[in-house]
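What follows is a set of notes on a single structure, which appears directly below.
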Amino acid sequence: MHTTRPYLRSLTLFVASIATLAILSVAAVPISAAETEAELLAVLRSDAPGGEKAIVCKKLAIHGSNAAVPELAKLLSDPQLSSWSRIALEVIPGDDADEALRLATQTLDGRLLVGTINSIGVRQDAGAVEILGTRLQDTDPEVASAAAVALGRIGNDAASQLLQQALQTASGDVRNAVAEGYLLCAERLHGDDKSGAATEIYDEIRKAELPMQRIVEATRGAILSRNEDGIALLMETFRSDDKKLFQLALGTAREFPGGEVDQALAEELTRATPQRAALIVQAMADRSETVVLDAVLQAAQTGDKQVRVSAIDALKRVGDVSVLSPLLTIALDRDAELAQAAKDTLAELPGEGVDAKIVAMLPDATGDSYPLLIDLVGSRRIDAVPDLVRALDHSDSAVRGAALIALGETVRLEKLSLLIEQVVAPKRAEDAAIARQALKSASVRMPDREACAAELASAISRAPATTKTVLLEILSDVGGTTALQTLATSAKSSDPELQDTASRLLGKWNNLDAAPVLLDLSTTAPAEKYQVRALRGYIGLARKFSMPERNRAEMCKQALEVASRIDEQKLVLDVLKLHPSVAGLKLALDAKAIPAIKADATAAAEEIAQQLRKKGVDVSRLMSGS
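For reference, each letter of the sequence shown is one residue, going 1225 to 1850 in the working numbering.
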């Protein structure tokens, strides 16, 4: 017995483990698609609310099969659920769904019939062509129109013939829908490489008496279905007096395949009115792979100003190094609009070799061309620091100014000292303002702001008094820990001007990192006015930044402890009212102990309590204790 009991116990455990695994395995088996569908159909057969059945219909669009069709078909006559059932019927594969929709057309009318016909069109059920042909003659124009569009979606020969016949006899909205369906047939033919048959339909429609929208659609198809032979019709459309057809031509030109059309567009550009030519040149530029660049450049150089400005702009997309020199000439034009348009394009001109060409032209540049090229170095962010440094010694202030600005846009951190020296010890006083602007531009774009701030901070000690404040201003714009510490040190310096500038900048600091610095300065700044400024900056941080309410209350508490003037004490109460919290309420109640603001603190506490009550916070115990 003693030898068999362990064996039996092990066997029992083994069997139990197998049973557990079996249960877990069964639980892990996913429900089959058929089971899911059965569960959904059970809901449709039940007395469940309509909203629940609508959701089931949507799910059957994923899980439904032919088994779901009978239940869904029953809902086609339900005004609330018909459209939901059709969501599923439109996508369930097989003939059953087609047959259900066809049968429904025999008993439905009005909007329910229109919806069912639309679903037949979505399914492109060729077996419904005869039914739809009959409905083309329906006395309800909405039904007839739906049948016309559905036939177009089916798009076979039989459907096309019915629509062709109906186009001769239909009128009003039905005629418009017939044309829409007929166009769909043409699109299908074109897609099936039966362009000749498609062209016949497009031509038939565009020559018929129909709303302009259909004429426009047919004209587009007639152009594209003719392939290269459609270029003549495209140009004819460009010359149409109708603005919608002209706009169609612009759009169709952009999508026209091949390169043959580009030469035709270039020729049309010279014939069109200035207003239209300005638009045509933009369409040409959108065909960047095959555009006739010489034609766009010619339009940019001579002719009507409106066309020139448009062509200059177009060169941003299709220009290359070959148009650089002509654009430089235009950029020096006396006409300010043309010159600015050329400068804007030069700043974005694509193509390999453009930057290198600009740099190569710098040494020999003279007159107005020199500062223009330097401007491009800056706007295009070209690395040409040695050339810019040489330009700083030029006798022309315009050249020096352009070089400084370009350095501001291009210099890297390791060369930032070049601009710092131009600010600390400018060779010419007239360049000082631009040098400061350039240094600021360079500093704020440096990716390593701590290293940048260190460079600026190190220059303060050797800078003239007036320049120290400039460097502090730039440090404030750069931000970061180093800049903050430098401003804090300057605010405590013996220099009144540095004290004033640094405390002012710290008061505007735009993140909570400055809070400890400002709180410290509120008691240690060299002059009372700077202490007040620091405290106000500290309170401002508590007011405008998002933070946990306990942190805000703590900041307000510290501000009240430091504040010796009523004005700042009231500002703290304003912060507590703006951000009502339980901690803030306690602080406002405590502030009633300050005699000078007792009445204000009482009013603030009541206002905070009222706001908290609206949020459902029980403050009765706090208020009763006050």
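Every residue, glycine too, gets a C-beta built ideally from N, C-alpha and C. Note that the structure is predicted; figures quoted are calculated from it, not measured.
Which same chain residues, not among the five before or five after residue i, have their C-beta less than 7 Å away from its C-beta?
i	result
Arg1673	Val1702, Gly1703, Gly1704
Leu1237	The predicted model places Leu1237 with a pLDDT of 38, which falls under 50 and marks its position as unreliable, so this point remains unresolved.
Ala1828	Leu1797, Leu1800, Lys1801, Ala1812
Ile1355	Arg1326, Thr1329
Ser1746	Gln1755, Ala1758, Leu1759, Tyr1762, Val1786
Ala1442	Leu1407, Tyr1426, Ile1429, Arg1430
Arg1269	Glu1295
Ser1534	Ala1502, Val1505, Gln1506
Leu1469	Val1440, Thr1443, Thr1461
Ser1369	Asp1397, Val1398, Ala1401
Glu1484	Glu1452, Ile1455
Arg1605	Glu1633, Thr1634
Does DSSP classify residue i as helix, strand or coil?
i	result
Val1841	coil
Glu1433	coil
Gly1454	helix
Asn1380	coil
Phe1462	helix
Glu1314	coil
Arg1774	helix
Met1508	helix
Gly1808	helix
Ile1242	Residue placement at Ile1242 cannot be trusted, given a pLDDT of 36 that sits under 50; what the coordinates show is reported in the next sentence. It is helical.
Met1847	helix
Gly1288	coil
Val1485	helix
Gln1392	helix
Asp1271	coil
Thr1331	coil
Asp1737	helix
Lys1822	helix
Ala1652	First, the amino acid is wrong: residue 1652 is Arg here, not Ala. DSSP places Arg1652 in coil when its eight states are reduced to three.
Ala1565	helix
Arg1558	coil
Ala1251	Residue placement at Ala1251 is flagged as unreliable, the pLDDT there being 42, under the threshold of 50; a coordinate-derived value is accordingly withheld.
Arg1444	helix
Thr1363	coil
Thr1497	coil
Lys1282	helix
Tell me which same chain residues have a C-beta within less than 8 Å of the C-beta of residue i, skipping the five on either side of it?
i	result
Val1267	Glu1276, Lys1277, Val1280
Leu1742	Leu1730, Gly1731, Trp1733, Ala1758, Leu1759, Gly1761, Tyr1762, Leu1765
Leu1736	Leu1765, Phe1769, Met1771
Report all residues from its chain with a CB closer than 6 Å to the CB of residue i; omit the five preceding and five following residues, and keep chain order.
i	result
Leu1413	Ala1421, Ala1422
Asn1290	Gly1318, Asp1320
Gln1530	Pro1498, Ala1502
Ala1382	Val1353
Ala1707	Ala1677, Leu1699
Ile1536	Ala1524, Ala1565, Ala1566, Thr1569
Glu1263	none
Gly1376	Gly1405, Leu1408, Cys1409
Ser1848	none
May I ask which residues mark the beginning and end of the alpha helix (DSSP H) holding residue i?
i	result
Leu1729	1720-1731
Glu1683	Glu is not the amino acid found at residue 1683; the sequence shown has Ala there. Looking at the DSSP string, the run of the alpha helix (DSSP H) that includes Ala1683 is 1673-1684.
Pro1524	Note that residue 1524 is Ala in the sequence shown here, rather than Pro. Run containing Ala1524: 1517-1525, per the alpha helix (DSSP H) assignment.
Asp1791	1790-1802
Gly1345	1334-1347
Val1531	1529-1542
Phe1470	1467-1479
Thr1514	Thr1514 -> no alpha helix (DSSP H), and no H or E assigned at all.
His1414	1396-1415
Ala1766	1752-1768
Gly1357	1353-1359
Asp1701	1689-1702
Gln1304	Where Gln1304 is concerned, there is no enclosing alpha helix (DSSP H), given that its DSSP letter is neither H nor E.
Asp1611	1609-1615
Arg1624	1621-1634
Glu1295	1293-1298
Ala1714	Per the sequence shown, the amino acid found at residue 1714 is Ser instead of Ala. It spans 1705-1715 - the alpha helix (DSSP H) in which Ser1714 sits, taken as one unbroken run.
Within the present structure, is the beta-carbon of residue i separated from the nearest heavy atom of the ligand ADP by less than 8 Å?
i	result
Gly1591	The model on display carries no ligand, and the ligand ADP is accordingly not part of it.
Enumerated in chain order, which unbroken segments of the alpha helix (DSSP H) with a length of 4 residues or greater are wholly contained in the region 1569-1595?
-> Counting only runs that start and end inside the region 1569-1595, the alpha helix (DSSP H) elements of at least 4 residues fall at 1578-1585.
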